[in-house]
Each structure stands twice: as structure tokens, then as C-alpha cells.
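J.: The structure follows.
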Amino acid sequence: MSDKNKLLIICGPTATGKTSLALQLAEQFNGEIVSVDSRQVYVSMDIGTGKDIPEGFKPQNLNVSGYWLKVYTNGKTRIWGYDLVKWHEEFSVSDYVNIASTIIKNICLQSKLPILVGGTGFYIKALIDGFDTLQVPKNEVLRKSLEGKEVSKLYEVLRCKDPEKALFLNESDKKNPRRLIRAIEVSDWKLQNNRYNQLSSKTSHKYDSLFVGLCLPKNRIFELIEDRVGKRLKVGFEKEMDMLVKQGFNSGLQSACAIGYAQWLKFLNKEISKEQAIKEWIRKEQLYAKRQMTWFRKDKRIHWFYVDNYSFFAEVADLVIKWHNKS
RNA sequence: GUCAAGGUGGCGGAGCGGUCAAACGCACCAGACUGUAAAUCUGGCGCCCGUACGGGCUACAUAGGUUCGAAUCCUAUCCUUGACA
4 MSDKNKLLII CGPTATGKTS LALQLAEQFN GEIVSVDSRQ VYVSMDIGTG
54 KDIPEGFKPQ NLNVSGYWLK VYTNGKTRIW GYDLVKWHEE FSVSDYVNIA
104 STIIKNICLQ SKLPILVGGT GFYIKALIDG FDTLQVPKNE VLRKSLEGKE
154 VSKLYEVLRC KDPEKALFLN ESDKKNPRRL IRAIEVSDWK LQNNRYNQLS
204 SKTSHKYDSL FVGLCLPKNR IFELIEDRVG KRLKVGFEKE MDMLVKQGFN
254 SGLQSACAIG YAQWLKFLNK EISKEQAIKE WIRKEQLYAK RQMTWFRKDK
304 RIHWFYVDNY SFFAEVADLV IKWHNKS
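So for the first sequence, the working numbering puts the first residue at 4; every next one is plus one.
This is the structure in C-alpha cells:
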């Protein structure tokens, strides 16, 4: 018998219908949905990030343990995790974990089932497994001073401050400026706070979680992505973009690297044609789907389901029932 | 029809006698991932053999030629684009 809270996770690459499955499961299991998506956290970036807010769902502001959060609800089911920050603000995994943990706690308190839905594998991992360095804050000054330095230099700096960490980096990260800078940031923090080995890993196994992964053959996902981009344009993506740009949305923002938005900014800046922007948007999103697949493939906890199989929903529901009833 | 510029790997585009299976970018394949993660980064990428160091073969429009040696020079042919008719 486990006293851990149950947590259902629906993950997988983009365009596999995670949200619609989640909505059905939420109905069936008295659940609430929490989006795990690093782009859908931005207010006013709706169409391009694919916040599919189902018909009948209305936004509502709620105060949850000190956070004012926006929920979308039809009076019965609630969707959390959208619109967490304004698009000109910065956001990080750690912000996500803080907010999402609060939301989940709140859902559990009402004896409802939290259903995490999304494709940002890193956020899911952070939330479920925890990272020992999640608590180490950003050091703006340090980052500025390291910015633009050559990779080999950065590696040297890290090697001086934290030889062990430097040694453990894989070949790819050794050449990744962003990762190197963060590693240096962490080692600095540890030095300053005298916490050499004391970074406690966040309580893992906090939840009794079930991982459901949705997948489709790659070609099929690619097709769906192409269709979806067309639909988003039809549904008013350009207008959304114009509004954003009018308010100062620009390529320097963290939020502006979202697929679709980045390409459209290039088009608006006359760097590429509209056709090119669309083509690139589709391509980038397909590449993204591939990256998601290589990420999720590694996680052996995931129970995979092929979405193009007609009985898939029944199979998922079956699995969830078994897990849900087992206490 | 004349003149000019040019034809390079899936595409764009360097190279302009040897160190070229050919820079670089894109695309493609595989992978990493502990506060930007829809981001960032790594490896591979003509064919065949080998885990690898490597070896063999076929390639820079086509056909000849010059050279010890040619994607690079010469000739012809075929194409493309621009200018003049």
C-alpha cells in the first residue's frame, strides 16, 4: 500500500494527440490536466504553441498557495500550466517545477488525479525525478563575463573549479557553451556556499507515477505537423503574431525561439519569404519531433501506445484503471 | 546567330595544376541532454572492405588532349544564364 500520490503522465512527440487523450482520461478518472510544455507557458502565444483549448473551456484566475494562476475550465475539467508568464519574461525549468509542484499538490488535495500532459521531456524529468542542481540560481554577472568565450576556454575554467564535473561531461557537452557556462555557475555556487557535495537530490519517488507514451510512425508525424502548420495559419496565427510584434515581441526574447514564431519574425524582418518561413517552420517542428523521440525512447518507464491503432484508447484506459485501482 | 559568364556531391556554394572524396551552409541519419530544453550541442554523411589506423573503386556536364600528375590548362560537343543581333 502506497501513500504516495498518483500521477499520470502522458508524453510523446508533438502531434500525437496527447491533449485529447488527456481530456478523455480526465473525465473518466476525475482528473485535472497539467500541461508540460515550455512554450505554452507564455501568455498570448496561443495559436503557434498549440494550446488547444477545447470548446467550452474558459479562462479563470485562481490563487493557489500564493500563486495567481490561470486555469482553463469547462466547469468540470481543468487545464493548468498554460499562461504562466508573460512573453517578455524569462522562464526556466526551476520555475516550472515550482509552479507545477504547487498545482499538483493542490489537485491531490482535492483527491483528484493529476494528469501531466506534454512534450517537454526535460520538464517532466525535472518534476518527477528532480535535479540536484535545480536550486542553484542563475548568475547574471558570471554569464555575462563568460559570454562569447571559446569552448576550450570555458572547459578550462570549469576544469579548474570543478575537475570532477569537467571529467564527467560527455563529449557533446564539453563543446556546448551553454552547458559549460551553467556547469561553471553551479561550481561557483557550490564554492561560495560551501556545499561541495551537499546538493541533496530532490525527493525522487515523490509520486506513484504511470507513464503513457503516444507515438506514431515518423512519416505520419511529419504529415500531421505539416497539416497542423497550415491549420494554425488559417486559424489566425498571423494576426496573433502581428499583435505580439506591435507590443514589442522580438527575436531577442527567450520566448521568441519558439518554433513558428522564430521563422515568422524572420519573414517580418524580410530575411526570408513567407513561403520559406512556412517551409522552415514545418521542418523545424519535424526535427523537434525527432529530438523528442530520441529523448523519450530512453525512458524505460514509458508504456508506449500507437495512436493509429483503433483500440488504443481502450488499451490506455485499461492500463490506467489497473494502476489507478491498485493502491 | 554573335559575344560574355558559367556547368562541382541531394541542394546552395568554395576550390582554379599535386596536400581533393572536394571548404562552408542547408538537407539527411544517429546521438547527447541536471535552470534558455520548441533551446543548445556532438558525431556521421560517394561506393566497397575493416571495430579502428587504413585500404580499394568511381567521381567535379560529355568526349578527347597537354602533363609525372587535372575539378583546376587546351580543343570539340552538349546545356544554362546575361548582353548584342
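Positions of the beta carbon are idealized from the N, C-alpha and C atoms, including for glycine.
Note that the structure is a prediction, hence the values are computed from the model and not measured.
Tell me the start and end of each unbroken alpha helix (DSSP H) in the stretch 110-198 that is at least 4 residues and wholly inside, in chain order.
T.: For the stretch 110-198, whole alpha helix (DSSP H) runs of length 4 or above, ordered along the chain, are 124-132, 143-149, 154-164, 166-171 and 180-195.
J.: For residue 245, which three-state DSSP category applies?
T.: Residue 245: helix per DSSP, three-state reduction.
J.: Only counting runs of 4 or more residues, tell me where the alpha helix (DSSP H) segments fall wholly within the stretch 269-318, in order along the chain.
T.: Fully enclosed alpha helix (DSSP H) runs of 4 or longer: 277-300.
J.: Distance, Cα to Cα, residue 235 vs residue 221?
T.: When rounded, the distance between both Cα atoms is 21 Å.
J.: Helix, strand or coil: how does DSSP classify residue 214 here?
T.: If DSSP states are grouped into helix, strand and coil, residue 214 belongs with the strands.
J.: Just curious, the beta strand (DSSP E) that residue 73 is in, first and last residue?
T.: Residues 70-76.
J.: Please work out which residues of its chain come closer than 7 Å, Cβ to Cβ, to residue 318, disregarding the five sequence neighbours upstream and downstream, and give them in chain order.
T.: Closer than 7 Å at the Cβ level, and outside the excluded window around residue 318, lie 308.
J.: Nearest to residue 102 by alpha carbon, out of 74, 76, 214 and 70?
T.: Taking only the C-alpha atoms, the option nearest residue 102 is 70.
J.: When you compare the CB positions of residue 9 and residue 302, do they come within less than 8 Å of one another, or not?
T.: It is not a contact, given that the beta carbons lie outside the stated cut-off.
J.: Using the three-state DSSP reduction, which class does residue 23 fall into: helix, strand or coil?
T.: Residue 23: helix per DSSP, three-state reduction.
J.: Evaluate residue 228 with the Cβ neighbour count: other Cβ atoms within 10 Å of its Cβ, from every protein chain shown; 16 or more gives buried, anything less gives exposed.
T.: Per the 10 Å Cβ criterion, buried.
J.: Look up residue 64 in the DSSP assignment and say whether it is helix, strand or coil.
T.: Correct three-state label for residue 64: strand.
J.: Which same chain residues, not among the five before or five after residue 169, have their C-beta less than 7 Å away from its C-beta?
T.: The answer, listed in chain order, is 158, 161 and 162.
J.: Quick test of the definition: if touching needs 3 or more C-beta pairs under 8 Å, does the stretch 26-42 touch the stretch 122-129?
T.: The stretch 26-42, when compared against the stretch 122-129, does touch it at the 8 Å Cβ threshold.
J.: Are the CB atoms of residue 43 and residue 54 within a distance shorter than 8 Å?
T.: In contact: residue 54 and residue 43 (Cβ atoms closer than 8 Å).
J.: Based on the DSSP output, what are the partners of residue 88 in its beta bridges?
T.: Answer by DSSP bridge pairing, in chain order: 45.
J.: Per DSSP, what kind of secondary structure is residue 10 in: helix, strand or coil?
T.: DSSP places residue 10 in strand when its eight states are reduced to three.
J.: Does the distance from the CB of residue 105 to the CB of residue 67 come in under 8 Å?
T.: In contact: residue 105 and residue 67 (Cβ atoms closer than 8 Å).
J.: Could you check whether residue 247 and residue 47 sit closer than 8 Å to each other, using their CB atoms as the reference points?
T.: Yes, the Cβ-Cβ distance between residue 47 and residue 247 is below 8 Å.
J.: Mapping DSSP to helix, strand and coil, what is residue 104?
T.: Helix, per DSSP.
J.: For the structure I just gave you, are there three or more beta carbon pairs, one from the stretch 183-190 and one from the stretch 272-282, closer than 8 Å?
T.: No contact exists between the stretch 183-190 and the stretch 272-282.
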